[in-house]
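Residue numbers (the UniProt record's numbering): 1 to 764. Each residue gets a CB set at the ideal place from its N, CA and C atoms; glycine is no exception. This structure is a prediction, so every number in the text was calculated from the model and none was measured. All remarks here apply to the structure that follows.
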């Protein structure tokens, strides 16, 4: 979520008043804003997307709730020591959190372990361990519409009789200390991005948020006029018309068997009725196609932790496979491929398959990604129910990612086209009229220069590094992962360095290359990549021949509040994942909206950015998805490229020989070995095209006017990438609710007594 103060002031239309009031007190608002901790309760794109969605849902007047876990420790703080990443605990609640309100009156029990008893009256889950879920509510204000929605985060609490009901009362002290075991559930965020780690505590977290949330939803449904009818049989008939639940990846997939358990075991609905309601309630968003990221929980673990849920999953699977077998008799391989249970050394539950079978809609997050989901990853399922599969291209909230972080540019745009674009970003197309307006071109360039100077000052103050604000700011910020190919950027840096040293007199367009992002603590290769970037920076930044022509900065502890500073100052945005691996990306959209140009592959939302702005207004290079597929068919041979390209060979040899690690020449052996022998993401295959494309970037940067005109064309084409547009599509195609642009009256004005308080029907 990042910080809340400035976002709240903007959405309430109070920023100027507050700035002025604080100034009158002899204080500086920006100084106050810098004191607030980021709420870093997610890992990367997926968590930030949810935050943008909450802002858009409130702004569109949807009755929507965001549910999650109130982690005591969020994503780790990253320190760089001697070029290595070191993790520190993110004790973000140390000074308290003024935005949250604990709601103990809505506390709910969550059950674990135990066993299942079957009788004539049905199944009973008994002898369980209970953990209490305490909700904390954070307000989510819409933009200037007097709507405030709720983000409800659950915290784990041990019941007061925890470990004291048993016969071990002898050790009262130990029993109280053991309360920590239950409360550890919400202690810490697992720091993996695009990687599945099948740990018991993680499964507990996933079920914890699901069980508490579903009870909360059902309590609210029953309290409403829709849930209160006489006959038990019809109580839940209207449930899918009143409730829509969107599964943000497979992490909350246990919601499907949990809702079935509630309907069948507790509410005593017949299975078929319960299953129909469940399917119509859930929809699933897929966020990645990387196989190592797909959740596949061991059956043994689920059986121990959630025995009744395993039985329900088996029943769902049996009925699912019976249906497939009736359509495709004797096709055993299809049954194996489509089963929710994977056989092997350890039997596992494929959570994506569970989500597809248990949902009425499945979507990818960019056109190309949704196509890959349909034709490759889940092709059997898409063949069965093609109408179930959709696309919803991601977006970003223009409130945080333009108004808040780049007020200079936001104001400049408002002067030209008015202020309405903030709620309807498609209006940015009106800027096309000003592409040849010399004054506007100069003003856009001036805002960018001011942002660069401000960021340079920040780097000097916080990190004691001096950079040249007139150099091109070439920025690559995102989680560190092999598929995102920070290594390819690194090879380009080394290539530029070698070119400067080879011919120091030759004209070179000065660059400051800024790379930032966190590596999962257990991801060895990602940590080596960080060390390599810092080792290269050490050499480049201290070579007198290079001087101020080339500087390399590794940006420590990349997070939302730092993104808000670096993105408005960026000239060149690096979006260079191997085609077919980045589901969408959202950083790409933030840079586009803030006046950076993109160098990128035809991957994720880059494809649609090029479609909107015209491919000639992005620096597109490298293999397309078809080329990658073809190269896989032929077999990727890294050695070929190494032999054919002298500059690539030189760069790789320098890494290999210890040029960047003189005290330990073998330091980067693992990296070099990976690049040659098991590089799934084919860095060498795109190196040549990347370097050539970078030359075109430098050439255009020399012509400030032509560069800025291209910037304006990009900003004018960024309207599609508002999360408001994304949410309108979810609302229309999946949730079946109507967004409203009505501004509800402020609390100090009397309301029309006859007004229906929930005109939108379904709560998402």
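Beta-bridge partners assigned by DSSP to residue 157: 132. In terms of Cβ geometry, residue 514 and residue 358 do not form a close pair [threshold 7 Å]. Just so you know, the alpha carbons of residue 74 and residue 185 end up roughly 13 Å apart. Between residue 582 and residue 476, the gap from beta carbon to beta carbon reaches 7 Å or more. By the 16-neighbour rule on beta-carbons within 10 angstroms, residue 677 is exposed. In the DSSP annotation of this structure, the continuous segment of the alpha helix (DSSP H) that includes residue 440 starts and ends at 438 to 463. In the three-state DSSP reduction, residue 140 falls in the strand class (E or B). Straight through space, the alpha carbons of residue 39 and residue 560 are spaced by roughly 9 Å.
Residue pairing for residue 636: DSSP places it in no beta bridge. Burial of residue 564 is indicated by the presence of at least 16 other C-beta atoms within 10 angstroms of its C-beta. Annotated as proximal: residue 584 and residue 394, with beta-carbon spacing under 7 Å. According to the DSSP assignment, residue 723 belongs to no beta strand (DSSP E) but to the alpha helix (DSSP H) extending over 723 to 730. The DSSP-derived three-state label of residue 39 is strand. Residue 217 holds the alpha-carbon nearest to the alpha-carbon of residue 239 among 217, 155, 247.
Distance from residue 78 to residue 87 at the Cβ level is roughly 7 Å; contact confirmed, criterion being Cβ atoms closer than 8 Å. Taking all protein chains shown into account, residue 497 has 16 or more neighbouring C-beta atoms within 10 Å of its C-beta and is therefore buried. Between the segment 365 to 384 and the segment 339 to 347 there are fewer than three inter-stretch CB-CB distances shorter than 8 Å, so the stretches are not counted as touching. Assignment of beta-bridge partners to residue 211 by DSSP yields no partner.
For residue 520, same chain residues with a beta-carbon under 7 Å away, outside a window of 5 residues either side, are 191, 192, 193, 195, 526 in chain order.
Annotated three-state conformation of residue 657 is helix, per DSSP. Bridge pairing for residue 474: 513, 572 [DSSP]. Cβ atoms of residue 545 and residue 493 stay farther apart than 8 Å, at about 15 Å.
Look at residue 356 here: in three-state DSSP terms it is helix. Boundaries for residue 377: no beta strand (DSSP E) harbours it, and the DSSP string shows neither H nor E there. Judged by their CB atoms, residue 625 and residue 689 are not nearer to each other than the 7 Å cut-off. Judged by DSSP secondary structure, residue 239 falls within the alpha helix (DSSP H) whose first and last residues are 239 to 242. Here the alpha carbons of residue 555 and residue 598 stand approximately 19 Å from one another.
DSSP assignment within the segment 302 to 346 yields the following whole alpha helix (DSSP H) runs of 4 residues or more, N-terminal first: 307 to 327, 332 to 338. By the neighbour-count criterion, in which a residue is buried when 16 or more other Cβ atoms sit within 10 angstroms of its Cβ, residue 95 is exposed. When C-alpha distances from residue 212 are compared across 333, 453, 112, 33, the shortest belongs to 112. Secondary structure of residue 124 (DSSP, three-state): strand. Taking the CA atoms as reference points, residue 474 sits about 45 Å from residue 134. CA-to-CA, the gap between residue 482 and residue 288 works out to about 14 Å. Boundaries of the beta strand (DSSP E) around residue 349: 348 to 350.
Secondary structure at residue 363: strand, using DSSP grouped into helix, strand and coil. Listed in chain order, the non-local C-beta contacts of residue 101 below 6 Å within the same chain comprise 137, local neighbours out to five positions each way being set aside.
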